[in-house]
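Each remark here refers to the structure printed beneath this line.
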Amino acid sequence: MTAITPASGEHICSRCARQGTTCCQGSQVFLTLGDVDRITALGAGQFTTYAAPNQDYYIPDCDPWWGRIFHPDGTRRIIVKQEDSNFCLFLGETGCRLGIESRPLVCRLYPFEYDHNCIKGVTAHLCPSPERDNPPLILALLNMNRDQAENWRSQLYREIQAEFS
Ligand code: SF4
Ligand code: SF4
């Protein structure tokens, strides 16, 4: 798929970052051990913490694996926020500072909806973009395709299952 840009010519995620409204604010990003290893390999300092879910959608009923990532105290491993803000530690002025191959798998998959079996669809509920209600357009703007997403989905569940089986 060829990347396209909004009419402004600016990448859609850069526009979100510039506007200060982005999926990388407020979200609790779960990290697999593979995510931790890939980011650590970049030389990152401390970037993990543990927290209980702040939204119901972090515990989907239809997917047994998301119930297993929690510790007995109800927390799970997520990315820390920047000091005094709800911005992800890795959010820069033009979007994520991590390259796609070191970005957490759940970030690579957004805004696809998925479970342990398959990719289900596209729901950009965190996305403030005017294109959010047009799935083919937003996938094109994000340069995402279903086959690549399916590979990442499989990798995500392999890494979850390796740690939590
Ligand atoms: S790791 Fe990157 S894509 Fe994921 S929430 Fe943080 S800034 Fe956004
Ligand atoms: S995925 Fe959507 S909400 Fe997140 S930065 Fe990109 S356009 Fe904005």
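Residue numbers (this note's numbering): 1006 to 1170. Where a beta carbon is used, it is the ideal one built from N, C-alpha and C, also for glycine.
Run the proximity test for residue i: is its beta-carbon closer than 6 Å to any non-hydrogen atom belonging to ligand 2?
i: CYS1093; result: no
Starting from residue i, follow the alpha helix (DSSP H) in both directions and report where the run begins and ends.
i: ILE1064; result: From DSSP, ILE1064 is part of no alpha helix (DSSP H); its letter is neither H nor E.
i: TYR1162; result: 1151 to 1169
i: VAL1111; result: 1110 to 1114
i: ALA1022; result: 1017 to 1024
i: VAL1041; result: 1038 to 1045
Quick check: does the Cβ of residue i come within less than 6 Å of any heavy atom belonging to ligand 1?
i: LEU1096; result: yes
i: VAL1034; result: yes
i: LEU1114; result: no
i: CYS1101; result: yes
Pick from the options: whose alpha carbon is nearest that of residue i?
i: ALA958; options: GLY1104, ILE1143, LEU1131; result: The structure shown does not extend to residue 958, since the chain is modelled only from 1006 through 1170, so no value can be given for it.
i: LEU1110; options: ILE1165, CYS1093, SER1134; result: ILE1165
i: ALA1022; options: SER1134, GLU1106, ARG1081; result: SER1134
i: ARG1163; options: ASP1040, VAL1034, CYS1018, GLN1030; result: ASP1040
i: GLY1126; options: GLU1136, LEU1114, ILE1064; result: LEU1114
i: ILE1124; options: ARG1151, ALA1145, LEU1146, LEU1144; result: ARG1151
i: SER1032; options: GLY1014, ARG1081, ASN1091, THR1080; result: ASN1091
i: PHE1169; options: HIS1016, GLY1014, LEU1036, ILE1017; result: LEU1036
i: ASP1078; options: GLU1088, PRO1058, VAL1085, ASP1068; result: PRO1058
i: ASP1068; options: GLN1087, ARG1102, ILE1143, ASN1122; result: ASN1122
i: CYS1018; options: ILE1044, ASP1061, ARG1102; result: ARG1102
Does ligand 3 have a heavy atom nearer than 6 Å to the CB of residue i?
i: LEU1161; result: For the structure depicted, ligand 3 is absent and the ligand set comprises only ligand 1 and ligand 2.
In the DSSP assignment, find the beta strand (DSSP E) that holds residue i and state where it starts and stops.
i: ALA1145; result: Counting along the chain, ALA1145 falls outside any beta strand (DSSP E), though it belongs to the alpha helix (DSSP H) covering 1140 to 1146.
Subject >> Sequence-ordered residues whose beta carbon comes within less than 5 Å of a heavy atom of ligand 2 >> reply: ILE1017, CYS1018, CYS1021, THR1027, CYS1028, CYS1132, SER1134
Subject >> At least 3 beta-carbon pairs within less than 8 Å: the segment 1146 to 1164 vs the segment 1052 to 1067 >> reply: no
**OP:** Flag this pair as touching only if the segment 1020 to 1034 and the segment 1088 to 1100 have three or more C-beta atom pairs under 8 Å; answer yes or no.
**Re:** yes
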